[in-house]
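Engineer: Quick note on the working numbering: the sequence shown kicks off at 95 and runs consecutively.
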Amino acid sequence: MAELFGQNSDLYPFAAFSAGHWTMLFVFAAGSFALYYYRQFFAANELAVRWTFFSGLFILESLYHYWLYRAGIWDVSFTLPLQLCSISLILCLILLASGSRLVFNIVYFIGIAGALMAVLTPELFFGYPHFRYFQFFITHILIIWTCLFYVFAKGFAPDHKGMWLSFLFLNLSAGIAYLANKWTGGNYMFLAYKPSNGSLIDFLGPYPFYILSLEGIALFLFYVLLAPFGFRKRK
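(1) Cα-Cα, which of F297, F108, V318, T240 is closest to V143?
(2) Could you tell me whether the Cβ atoms of A191 and F246 are closer together than 8 Å?
(3) Relative to the C-alpha of T278, which candidate in S171, G166, F135 has its C-alpha closest?
(4) Of the choices F250, G208, K276, whose alpha-carbon is the least far from that of L264?
(5) Since L174 and W168 are thought to touch, with beta carbons under 8 Å apart, how far apart are those beta carbons, to the nearest angstrom?
(6) Assess contact between the region 282-299 and the region 214-225, defined as three or more Cβ pairs (one per stretch) separated by less than 8 Å. Is contact present?
(7) According to DSSP, is P107 part of a helix, a strand, or is it coil?
(8) Classify F220 as helix, strand or coil using the three-state DSSP reduction.
(9) Helix, strand or coil for W168, going by three-state DSSP, please let me know.
(10) Would you decide whether M95 is buried or exposed? Buried here means 16 or more other CB atoms lie within 10 Å of its CB.
(11) Determine the burial state of Y160: buried for a count of at least 16 other Cβ atoms within 10 Å of its Cβ, exposed for fewer.
(12) State the DSSP-derived secondary structure class of D253, mapped to helix, strand or coil.
(13) Does the region 219-238 touch the region 265-277, meaning 3 or more C-beta pairs lie closer than 8 Å?
(14) Under the rule that 16 or more other beta-carbon atoms within 10 Å means buried, what is S260, buried or exposed?
(15) Pairing CB atoms from the region 297-307 with CB atoms from the region 194-205, are three or more of them under 8 Å?
(16) Using 10 angstroms around the beta-carbon of F111, count the other beta-carbons present and answer buried if the total reaches 16, otherwise exposed.
(17) State the CB to CB distance for the pair C186 and L151, rounded to an integer number of angstroms; the pair is presumed to be in contact (CB under 8 Å).
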């Protein structure tokens with residue numbers, strides 16, 4: 095049992111598009127479909143859904159930091175909430191607790207775009223059945239499911255102004271992450287160097303040019319996420 099929480103990734107290595115990866119992709123897809131198909135059920139049980147998602151995100155993220163601390167490897171170079179998905183997780187907690195449409199408009203774009211990329215091309219070294227494997231996938235999937243819950247069950251809809259607000263928030267966060275990287279020697283938002291595992295970034299050119307490519311991709315994905323809502327403008 096101890097090895098399921100250990101630090102030796104060689105015991106349970108993760109491989110992209112392995113059986114463990116495909117299993118989580120299936121869970122993500124099935125859950126996303128269920129949120130749409132049973133949207134009336136989820137709307138009728140809104141409070142239970144909100145607190146289930148809130149508890150899952152909060153507990154798993156807390157356990158992750160405790161796991162790092164117990165192993166003696168918690169370090170400001172990678173544990174501050176400055177990765178895109180860490181920021182999205184915090185915004186999801188605020189959204190689930192408050193139901194704020196402002197927060198929804200921000201996290202809908204950065205949360206889905208960032209977490210979806212993480213689920214498809216994980217920066218992950220521990221595979222099934224390690225604790226980190228479950229913590230990584232469940233938290234990232236819950237970020238997306240939180241956004242979809244507010245769209246399908248609550249009737250929230252992003253708009254054009256919200257998209258640009260989210261893009262501005264993303265760039266302000268990147269500026270803070272850049273300064274944090276200088277201070278800690280970290281690689282928040284992958285602004286210092288490319289991730290170790292293979293990812294989309296590998297095809298975007300050398301440093302620092304891939305950062306400009308990421309800006310363009312982010313904006314493209316934001317427009318894709320806005321497209322189902324007909325590029326609505328907030329009144």
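Every residue, glycine too, gets a C-beta built ideally from N, C-alpha and C.
Structural biologist: On the basis of the supplied data:
(1) Answer by Cα proximity: T240.
(2) In this structure, F246 does not lie closer than 8 Å to A191 by Cβ.
(3) Its Cα nearest to that of T278, the residue S171 stands out among S171, G166, F135.
(4) Comparing Cα positions, the closest option is G208.
(5) The Cβ separation is near 10 Å, so there is no contact.
(6) A contact exists between the region 282-299 and the region 214-225.
(7) Three-state DSSP puts P107 in a strand.
(8) It is a strand residue.
(9) W168 falls in the coil class under three-state DSSP.
(10) Classification of M95: exposed, given that the 10 Å Cβ count is below 16.
(11) Exposed, since its Cβ has fewer than 16 Cβ neighbours within 10 Å.
(12) In the structure shown, D253 falls within a coil segment according to DSSP collapsed to helix, strand and coil.
(13) Proximity of the region 265-277 to the region 219-238 falls short of the contact definition, fewer than three beta-carbon pairs being nearer than 8 Å.
(14) So S260 counts as buried.
(15) Touching, no.
(16) F111 comes out exposed.
(17) About 6 Å; that satisfies the 8 Å criterion.
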